[in-house]
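Here the structure is laid out as structure tokens; the discussion comes afterwards.
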Amino acid sequence: MCGLLAVALAVLAPRPAFAACDQTGSTVNCTGTTTNDNAGSQGGVTFTVQPGATIQGVGGTSAFSLTNPTFSADRLINNGTIDGLVDIVSSVPGVDSFTNNGVLKITDPLTNLTSHSLFGTDFTQSSSGTFMARVDSAGFNDSLLVNSATLAGRLIIVVQPGLYTSANTYTIITSTNTIVGAFDSASVTSPFFTLSLSTCACNLDATLTPIAFNAVPGLTSNQQAVADVLQNLYASGTPTGSLGDFYSNLFAATSVNVFDQLSGAGTAAAQNASFGAAGLFNDAMLQQGLAFVGGAPGGGAFGAPLQYAAAADKSEAKPGYEAFAAVRRAPDEKVWRAWAVGFGSTRSIDGSSGTADQSMQTAGGSFGVERSFGPDLLLGFAAGGSGSHFSVSSLSTSGSIDGAHVGAYLAKRWGDIYALATVNYARFDNTTERTISGVGPTENAQGRFSSDQLGGRFELGWRRRIGEYAITPFVAVEPAALWQHAYTESSTVTGGGAGVLALSYAARETTSLPAFVGAQLNTRYLVGGQTVQPFVRAAWVHEFMTERQVQAAFVSIPAPSFTVDGTRPARDAARISGGASWTIDAAKAVFARVDSELSGSGVMLAGTVGARISW
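If you want it as structure tokens, here you go:
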């Protein structure tokens, strides 16, 4: 903020500590930031606010004030930002000038809506200039009172909080002579108004007409759902009290995205995160069943323990059938097995049709015990835990989910054909957090609720050997149902105090039904008397039930409930997995696996490591 002094005193008087302006003769250049600049009484001086510099008015005081009692022209050239009132008094009309090539605005809340007083001064705004004028629901506004005006550049009408019920016309420029040209563009900060300009010889007027909240063009389905209930309530009568404050702030919102902030749609990400966590636990059981039937890490071929014949050179790796030939099956005396795995994943899903991008991370582990009944039947039980975190950054929403899992699985083989079935139950403890901004004071809304999930998988495969490899085509279906319990958020205003924008969510059931069609390719190598079994598994995944929704109502706003969509998983995706097991001896094995899922709207990466023993 330029603390400019009169030219006659500029050299003699010390400049204030906040000054960011340098004077050489009749030229003053401002290159930094200064506040409440009173240039005093001048004549024949050029004041230039350089690009990146700011003159600011605070405490209701003018940003820049100047009096010219002489016939010598004073010139103010703004190439940076002037944030506050400009007050120029010229004793001779048409001598002084103000050229705005930068931004002219008022943001100090202590400065009432009023005019930039440019008495006797010619105002010119170039094509690079921007004039921002505040308006309120009482009909007051910022304006320019000038000797003459030559216009170009941008006009931005800045809507202040208030209850707007009908069109208001504001005089933006009053000239004692003429207005030449027109603004290149004119816009209003709030989406809930239309703007029209009209010019006569000496005035430029702006008319703002309110638009119904639910009639703004281009609303997404989620925004429409929230706007409908808010518009119906507003149309029922003039709101008062805290409800009136809410609508007053809503009118001043700068984007319809405020409806997304209010909707709570980001909390639907808990559904995808829950399905993902239960899916990782279910995959851990699936791996053990595949190990039994000979198709995945963690066990021997078709469930039989492995013993090895002596080899002439045990350091030599033997691929394919050579390794198979080195295997000598013994009676299956070890019918019990125990295993433990650790798993983790990260997943991102792109939003579409008005929903927001989301990301999820999960880590956990599980353990299980299984028993074989002969060489072709396996029954197992498992338990585990998981922790997940989700984020919907564009909606300032995040959450955590702690899960407890139990399940059972069954594997059956008929020669080279197998069937696998799993069933799992999860109990989740969910917490959510939303930051709601753009409608008055920023609020933080927090929620806590529990949910239950029941799911499983059924898979059929047919194992065929081709040369040194085994290939196994398979089909599978993995249904799951999630029941989220009803809950109510608590909301606080940043800095303290109760908020008014918390939501109450209805209980909801959400289902998932992906189907898989794919194949697995694996082989085995005998290395030093031990077996290494690498594999790769690929499948096309089709999700039949992608709907993710929440139904909510405002706690403090007496409006009906509304339903909004969360981000949906991809309907079609490719899942590719790879890994290997290392069978140390007939009683011990370790294994690792990496899974990926790729689609046009997201990516998932997951990993599993584990060990198993038999007795």
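FYI, in my numbering the residues of the sequence shown are 1289 to 1903. No residue lacks a Cβ here, since even glycine has one placed at the ideal position from N, Cα and C.
Output needed for residue i: all residues of its chain with C-beta closer than 7 Å, excluding positions within five of it in sequence on either side, in chain order.
| i | result |
| --- | --- |
| Ser1473 | Arg1442 |
| Gly1806 | Phe1762, Arg1825, Ala1826, Ala1827, Trp1828 |
| Asn1502 | Gln1512, Ala1515, Asp1516, Gln1519 |
| Ser1654 | Phe1569, Ala1572, Val1629, Ala1670, Ala1671, Gly1672, His1693 |
| Leu1292 | Below a pLDDT of 50, predicted positions are generally treated as unreliable, and Leu1292, at 30, falls in that range; no measurement from the model is reported. |
| Val1476 | Ile1445, Val1447, Leu1483, Leu1496 |
Run through DSSP, which three-state label would residue i get?
| i | result |
| --- | --- |
| Phe1428 | coil |
| Tyr1458 | strand |
| Gly1691 | strand |
| Leu1521 | helix |
| Val1824 | strand |
| Leu1401 | coil |
| Ser1244 | No answer is possible for residue 1244: it lies beyond the span of the chain, which begins at 1289 and ends at 1903. |
| Met1573 | helix |
| Ala1558 | helix |
| Asp1362 | coil |
| Phe1352 | strand |
| Gly1706 | In the sequence on display, residue 1706 carries Tyr and not Gly. Strand, per DSSP. |
| Val1838 | strand |
| Tyr1535 | helix |
| Gly1567 | helix |
| Asp1548 | helix |
| Asn1908 | Coverage of the chain is limited to positions 1289 through 1903, which leaves residue 1908 absent and any answer about it impossible. |
| Ala1540 | coil |
| Gly1529 | helix |
| Ser1681 | helix |
| Ala1553 | helix |
| Leu1814 | strand |
| Asp1396 | coil |
| Ala1500 | coil |
| Ser1661 | First, the amino acid is wrong: residue 1661 is Phe here, not Ser. Phe1661: coil per DSSP, three-state reduction. |
| Phe1580 | helix |
| Asp1516 | helix |
| Phe1832 | coil |
| Arg1635 | strand |
| Arg1751 | coil |
| Gly1743 | strand |
| Asp1601 | The predicted position of Asp1601 is uncertain, since its pLDDT is 42 and thus under 50; a value taken from the coordinates is nonetheless stated next. In the structure shown, Asp1601 sits in coil (DSSP, three-state: anything other than H, G, I, E or B). |
| Ser1778 | strand |
| Gly1390 | coil |
| Asp1371 | strand |
| Leu1770 | strand |
Throw me the rounded Cβ distance for the residue i and residue j pair, which I believe falls under 8 Å.
| i | j | result |
| --- | --- | --- |
| Ala1539 | Val1447 | Note on identity: in this sequence residue 1539 is Phe, with Ala being the wrong assignment. So it is a contact: roughly 6 Å between Cβ atoms. |
| Arg1736 | Gln1772 | About 12 Å separates the two Cβ atoms, so there is no contact after all. |
| Met1892 | Ser1674 | Their Cβ separation, rounded to whole angstroms, is 15 Å, which puts Met1892 and Ser1674 out of contact at 8 Å. |
| Phe1471 | Thr1497 | Between Thr1497 and Phe1471 the Cβ distance is about 19 Å, and since that is not below 8 Å, they are no contact. |
| Ala1565 | Thr1650 | 5 Å |
| Asp1410 | Ser1436 | 5 Å |
| Val1333 | Ser1314 | 5 Å |
| Ser1536 | Gly1639 | At roughly 30 Å, the Cβ-Cβ gap does not stay under 8 Å, so Ser1536 and Gly1639 are not in contact. |
| Phe1386 | Ile1394 | That belief does not hold up - the Cβ atoms of Phe1386 and Ile1394 are roughly 15 Å apart, past 8 Å. |
| Leu1911 | His1404 | Because the chain spans 1289 through 1903 in this model, residue 1911 falls outside it and cannot be assessed. |
| Trp1903 | Gln1818 | 19 Å between Cβ atoms; not a contact. |
| Tyr1713 | Leu1742 | 5 Å |
| Thr1466 | Cys1490 | 7 Å |
| Gln1837 | Ser1849 | In fact, because the Cβ distance is near 12 Å, the residues do not count as touching under 8 Å. |
Starting from the C-beta of residue i, find all residues in its chain whose C-beta is less than 6 Å away, skip the five residues before and the five after it, and write them out in chain order.
| i | result |
| --- | --- |
| Thr1730 | Thr1782 |
| Thr1358 | Gly1331 |
| Ala1599 | With a pLDDT of 35 at Ala1599, under the threshold of 50, the modelled position of this residue cannot be trusted; read the value that follows with caution. Nothing meets the Cβ criterion. |
| His1830 | Ala1803, Asp1860 |
| Phe1547 | Gln1511, Val1514, Ala1515 |
| Arg1900 | Gly1586, Arg1625, Trp1627, Ala1877 |
| Ala1794 | Ala1774, Gln1839 |
For residue i, which beta-bridge partners are listed by DSSP?
| i | result |
| --- | --- |
| Val1447 | Val1423 |
| Ala1899 | Ala1628, Val1878 |
| Asp1410 | Ser1385, Ser1436 |
| Gly1697 | The sequence given here has Tyr at residue 1697, not Gly. Bridge partners of Tyr1697: Gly1668, Thr1710. |
| Ser1641 | For Ser1641, which the question treats as bridged, DSSP gives no partner whatsoever. |
| Asn1718 | Ile1689, Phe1737 |
| Leu1483 | Leu1496 |
| Asp1310 | Asn1317 |
Skipping 5 residues on each side, what residues in its chain have a beta carbon closer than 8 Å to that of residue i?
| i | result |
| --- | --- |
| Val1623 | Arg1659, Ser1660, Phe1661 |
| Ser1530 | Val1788, Ser1844 |
Practice item. Evaluate the contact criterion for the region 1777-1785 versus the region 1746-1766: three or more CB pairs, one atom per stretch, below 8 Å. Key: no
**Study point:** Cβ contact (3+ pairs, closer than 8 Å) linking the region 1547-1554 and the region 1683-1690
**Key:** yes
Review point. Should the region 1833-1851 be called in touch with the region 1783-1792, which here means at least 3 C-beta pairs below 8 Å?
Key: yes
Review point. With a cut-off of 8 Å, do at least 3 Cβ pairs link the region 1384-1401 to the region 1363-1370?
Key: yes
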